[in-house]
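To keep things clear, I will list the structure first and then write my remarks on it.
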Amino acid sequence: MKMSRAAFALPLLFAVGHGACASREPNVKAIDTTLEARGSTGTDVVGINKDGDAILQQEHGLGSEIRVAQHVNENIRMNINTEFYHVKECWKNRARGTTQEMPELTEFADVGTGIKAKEEIGLVGNDVKVIRREDAVARLNAEKRHQEELRANLTNVRKQREKCEFEAARDTAKKKAVAGAADSDTAHAGVPDDAQ
7 MKMSRAAFAL
17 PLLFAVGHGA
27 CASREPNVKA
37 IDTTLEARGS
47 TGTDVVGINK
57 DGDAILQQEH
67 GLGSEIRVAQ
77 HVNENIRMNI
87 NTEFYHVKEC
97 WKNRARGTTQ
107 EMPELTEFAD
117 VGTGIKAKEE
127 IGLVGNDVKV
137 IRREDAVARL
147 NAEKRHQEEL
157 RANLTNVRKQ
167 REKCEFEAAR
177 DTAKKKAVAG
187 AADSDTAHAG
197 VPDDAQ
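Residues 7 to 202, numbered by the numbering used here, are exactly what the sequence shown covers, in order.
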């Protein structure tokens, strides 16, 4: 028995997305962006609002804002990974040729934004598709909160790298001082104290 795509997808839609079509009030409200424009900075409008306040106003689409936040977060993640690599290399170089053990370093664990998308499987046009939906405002806020967490992680990893590099430089200075003292001792070996 041959079953059409529509006959297959219809029960699947009811099983997965039952109740998804319930109507409700939108959670996005209208914003009064009325300004008496007095100038521009290129991307921003400078003007006076209805309360008489001088306002610098930008307007961006929500999708653009989410993309920018995701892009910034990805750049911070890459910086964290790069810094962590340098921390590990610094400690490996310090330990090379010594009995010094590399300290246990905490790896960066990115837990993400914590936003879970709702998933539906169903017929869209003639194709069966997986549709993931999430609250866009909640996603933007979560990306911005996550950005703060990522920046804190980046700061911590940079401090670890700087500490290792400082200690490595101190170790090198000590080795040079010891080597210099040893060279001085061998240069003066066999010469009477009163001749020096």
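Glycine is no exception: its CB is placed at the ideal position from the N, C-alpha and C atoms.
Predicted model, so just to flag it, every value in this text is computed and none were measured.
| task | Let me know if residue 75 comes out buried or exposed under the rule of 16 or more other beta-carbons within 10 Å of its beta-carbon. | result | What you label residue 75 is simply residue 69 of the sequence shown in a count that begins at 1. Note on residue 75: 16 or more other CB atoms within 10 angstroms of its CB, so buried under the neighbour-count rule.
| said: So residue 159 and residue 86 are supposed to be a Cβ contact under 8 angstroms. How far apart are they, rounded? | reply: In the sequence shown, residue 159 corresponds to position 153, counting from 1. In the sequence shown, residue 86 corresponds to position 80, counting from 1. Beta-carbon to beta-carbon, residue 159 and residue 86 are separated by about 6 angstroms, close enough to satisfy the 8 angstroms threshold.
| said: Please report the straight-line C-alpha distance between residue 134 and residue 113, rounded to a whole angstrom. | reply: Within the sequence shown, residue 134 is the residue found at index 128, counting from 1. Within the sequence shown, residue 113 is the residue found at index 107, counting from 1. Taking the Cα positions, residue 134 is about 40 angstroms away from residue 113.
| field | Buried versus exposed, by CB contacts within 10 Å (16 or more), residue 89 | value | The sequence position of residue 89 within the sequence shown is 83, counting from 1. The residue in question, residue 89, is buried, as its Cβ has 16 or more Cβ neighbours within 10 Å.
| message | Run through the DSSP bridge pairs and tell me what residue 63 is partnered with. | response | Here residue 63 refers to the residue found at position 57 of the sequence shown. Here residue 63 is bridged, per DSSP, to 51.
| Local conformation of residue 130 per DSSP, three classes | Residue mapping note: residue 130 aligns to position 124 of the sequence shown, counting from 1. Reduced to three states, the DSSP call for residue 130 is strand.
| message | My output table needs one value for residue 73: the three-state DSSP class, helix, strand or coil. | response | Along the sequence shown, one-based indexing puts residue 73 at 67. Helix at residue 73.
| Is residue 110 buried or exposed, if buried means 16 or more other CB atoms sit within 10 Å of its CB? | If you number the sequence shown from 1, residue 110 lands on position 104. With a threshold of 16 other beta carbon atoms within 10 Å, residue 110 falls short and is exposed.
| request: Could you round the C-beta distance between residue 128 and residue 137 to whole angstroms and report it? I think they count as a contact, below 8 angstroms. | output: The sequence position of residue 128 within the sequence shown is 122, counting from 1. The sequence position of residue 137 within the sequence shown is 131, counting from 1. About 7 angstroms; that satisfies the 8 angstroms criterion.
| Collapsed DSSP secondary structure at residue 139 in the structure displayed | Taking the sequence shown and counting its residues from 1, the one referred to as residue 139 is at position 133. Of the three classes helix, strand and coil, the one that applies to residue 139 here is strand, per DSSP.
| field | Counterpart residues of residue 43 in DSSP-defined beta bridges | value | Within the sequence shown, residue 43 is the residue found at index 37, counting from 1. Its beta-bridge partners are 53.
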